[in-house]
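*Asks:* For reference, the structure I am asking about is given below.
Residue numbers (the working numbering): 109 to 393.
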């Protein structure tokens, strides 16, 4: 499946901000020790197995630091890279390479970590018809790139923002007084083209949501026995309603959750709790 990269306009500002944060007034150590005209080669190495994601972002970092730097990307996005694999070769001013090193690695380690963890979840879901979704639990400012990395790892994206779709959550229900009232207000005020999804955590709430004609339900923090009952009830009562499960989803239980018959399972852990992949840059001259 082809994974479309985000448009550069969605992340170039982020890169420039990160570079300015890392060297607001230049790089003191490099400027005092490495002549700007000294040319050389560096490589970016994976020090553990991972799924490659965001190599073009790292390349863009070096281009922002010095447009004369030449980068050669060694793996396609989504490729499995084993420990010791060279992700990228970099040629140009050694001083410029050093200036871009940390920002490039920070982003690359993060994105590869997300893609790698997502791929691990997808492996657990192999053979099921269940989709893996991310959430809005992303690093502020990095959402476009982090959700891209989820796609690279084989997952799918939930809403990108609060402007993308309707999801009635527990606090909306508390503010409105009931699911019925929240849906009534949506139908009065929201565009008719928007599907309505509602979060429920009990069978009673599920019954109320289905009775007012929601298009999708999010079964939140239900144990597997309750999930099975909720899925069976929904299929019999409103067979066209999409069913998502969320809350407490881990690598250990995601398959069990999927096998309850839900259409989708979502987890914030693939973006907010991932371990950065161990990746380093080495100058060869």
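Glycine is no exception: its CB is placed at the ideal position from the N, C-alpha and C atoms.
#1: Taking the beta strand (DSSP E) that residue 150 belongs to, which residues open and close that run?
#2: Are three or more beta carbon pairs between the region 202-209 and the region 144-152 nearer than 8 Å?
#3: Name the two residues that bound the continuous alpha helix (DSSP H) containing residue 130.
#4: Run through DSSP, which three-state label would residue 198 get?
#5: Does the region 343-361 come within contact of the region 321-328, defined as at least 3 CB pairs closer than 8 Å?
#6: Look at the Cβ atom of residue 382, then the Cβ atom of residue 221, and state whether they are nearer than 8 Å.
#7: Check whether the Cβ atoms of residue 257 and residue 212 sit closer than 8 Å, and answer yes or no.
#8: So which of 173, 297, 151 and 148 has the shortest CA-CA distance to residue 127?
#9: Please classify residue 152 as buried or exposed, where buried requires at least 16 other C-beta atoms within 10 Å of its C-beta.
#10: Would DSSP call residue 244 helix, strand or coil?
#11: Taking residue 139 as part of the alpha helix (DSSP H), name the residues at either end of that continuous run.
#12: By the three-class DSSP mapping on this structure, what secondary structure does residue 178 have?
#13: For a quick check, are the C-beta atoms of residue 223 and residue 161 less than 8 Å apart?
#14: Note down, in chain order, each residue of its chain lying with its Cβ closer than 6 Å to the Cβ of residue 338, except the 5 sequence neighbours on either side.
#15: Less than 8 Å between C-beta atoms, sequence neighbours within five positions excluded: which residues of the same chain meet that for residue 377?
#16: Evaluate the contact criterion for the region 283-303 versus the region 258-271: three or more CB pairs, one atom per stretch, below 8 Å.
#17: My understanding is that residue 241 touches residue 372, with C-beta atoms under 8 Å, so please give their C-beta distance in whole angstroms.
#18: Could you tell me if residue 374 is buried or exposed, where buried requires 16 or more neighbouring beta carbons within 10 angstroms of its beta carbon?
#19: Taking the C-alpha atoms as reference points, what is the distance between residue 208 and residue 164?
#20: For a quick check, are the C-beta atoms of residue 169 and residue 215 less than 8 Å apart?
#21: Judging by CA-CA distance, which residue of 300, 280 and 294 is the nearest neighbour of residue 308?
#22: Is DSSP giving residue 322 helix, strand or coil here?
#23: Got a sec, what are the start and stop residues for the alpha helix (DSSP H) residue 289 sits in?
#24: Considering residue 305, what are the terminal residues of the beta strand (DSSP E) in which it resides?
#25: Tell me the start and end of each unbroken beta strand (DSSP E) in the region 328-355 that is at least 3 residues and wholly inside, in chain order.
#26: How many whole angstroms separate the CB atoms of residue 386 and residue 156, which I take to be in contact at a CB cut-off of 8 Å?
#27: Would you call residue 302 buried or exposed, if buried means 16 or more other Cβ atoms sit within 10 Å of its Cβ?
#28: Let me check understanding here. Comparing Cα to Cα, which of 312, 272 and 159 lies closest to residue 89?
#29: Grab me the residues of residue 390's own chain with a C-beta within less than 7 Å of its C-beta, minus the 5 sequence neighbours each way, in chain order.
#30: Is it buried or exposed, residue 304, if we count other Cβ atoms within 10 angstroms and call 16 or more buried?
#31: When burial is assigned at 16 or more other CB atoms within 10 Å of the CB, is residue 217 buried or exposed?
*Replies:* On the basis of the coordinates in this document:
#1: To locate residue 150, count along the chain shown from 1; it is residue 42. Per DSSP, the unbroken beta strand (DSSP E) holding residue 150 starts and ends at 147-154.
#2: yes
#3: Numbered from 1 along the chain shown, position 22 holds the residue referred to as residue 130. Counted as a single uninterrupted DSSP element, the alpha helix (DSSP H) harbouring residue 130 occupies residues 120-130.
#4: Within the chain shown, residue 198 is the residue found at index 90, counting from 1. Here residue 198 sits in strand by DSSP.
#5: yes
#6: The residue you call residue 382 lines up with position 274 of the chain shown. The residue you call residue 221 lines up with position 113 of the chain shown. Yes, these two residues count as a Cβ contact at 8 Å.
#7: Taking the chain shown and counting its residues from 1, one reaches residue 257 at position 149. Taking the chain shown and counting its residues from 1, one reaches residue 212 at position 104. No, the Cβ-Cβ distance between residue 257 and residue 212 is not below 8 Å.
#8: Position 19 of the chain shown holds residue 127. Nearest in C-alpha terms to residue 127, of all of 173, 297, 151 and 148, is 173.
#9: Against the chain shown, residue 152 aligns to sequence position 44. Buried is the call here.
#10: Looking up residue 244 in the chain shown gives position 136. DSSP places residue 244 in coil when its eight states are reduced to three.
#11: For the purposes of this step, residue 139 is taken as residue 31 along the chain shown, with counting starting at 1. It spans 136-141 - the alpha helix (DSSP H) in which residue 139 sits, taken as one unbroken run.
#12: The residue labelled residue 178 in the question sits at position 70 within the chain shown. Here residue 178 sits in strand by DSSP.
#13: Position 115 of the chain shown, counted from the first residue, corresponds to residue 223. Position 53 of the chain shown, counted from the first residue, corresponds to residue 161. A contact, by the Cβ cut-off of 8 Å.
#14: Locating residue 338 in the chain shown gives position 230, counting from the first residue. Around residue 338: 314 and 327.
#15: Translated into positions along the chain shown, residue 377 becomes position 269. Excluding positions up to five away in sequence, the list reads 225, 357 and 358.
#16: no
#17: The sequence position of residue 241 within the chain shown is 133, counting from 1. The sequence position of residue 372 within the chain shown is 264, counting from 1. Contact flag correct, Cβ pair sits at about 5 Å.
#18: Within the chain shown, residue 374 is the residue found at index 266, counting from 1. By the beta-carbon neighbour count (other beta carbons within 10 angstroms, threshold 16), residue 374 is buried.
#19: Taking the chain shown and counting its residues from 1, one reaches residue 208 at position 100. Taking the chain shown and counting its residues from 1, one reaches residue 164 at position 56. Those two C-alpha atoms are separated by around 14 Å.
#20: Stepping through the chain shown from its first residue, residue 169 is reached at position 61. Stepping through the chain shown from its first residue, residue 215 is reached at position 107. Taking a C-beta distance under 8 Å as the contact criterion, residue 169 and residue 215 qualify as a contact pair.
#21: Taking the first residue of the chain shown as position 1, residue 308 is located at position 200. Of 300, 280 and 294, the residue nearest in Cα terms is 280.
#22: Counting from 1 along the chain shown, the entry for residue 322 is found at position 214. In this structure, residue 322 counts as coil in the three-state DSSP scheme.
#23: Position 181 of the chain shown, counted from the start, is the residue given in the question as residue 289. Residue 289 -> alpha helix (DSSP H) spans 287-297.
#24: Residue mapping note: residue 305 aligns to position 197 of the chain shown, counting from 1. Taken as a continuous stretch (DSSP letters only), the beta strand (DSSP E) holding residue 305 covers 304-308.
#25: Whole beta strand (DSSP E) segments, 3+ residues: 350-354.
#26: Here residue 386 refers to the residue found at position 278 when the chain shown is read from its first residue. Here residue 156 refers to the residue found at position 48 when the chain shown is read from its first residue. At roughly 5 Å, the Cβ-Cβ gap stays under 8 Å, so residue 386 and residue 156 are in contact.
#27: In the chain shown, the residue the question calls residue 302 occupies position 194. Residue 302 comes out exposed.
#28: Lying before the first or after the last residue shown, residue 89 is absent from the chain, which here runs from 109 to 393.
#29: In the chain shown, residue 390 corresponds to position 282, counting from 1. Cβ within range, chain order: 150, 151 and 153.
#30: Position 196 of the chain shown holds residue 304. So residue 304 ends up on the buried side.
#31: By one-based count along the chain shown, residue 217 stands at place 109. The residue in question, residue 217, is buried, as its Cβ has 16 or more Cβ neighbours within 10 Å.
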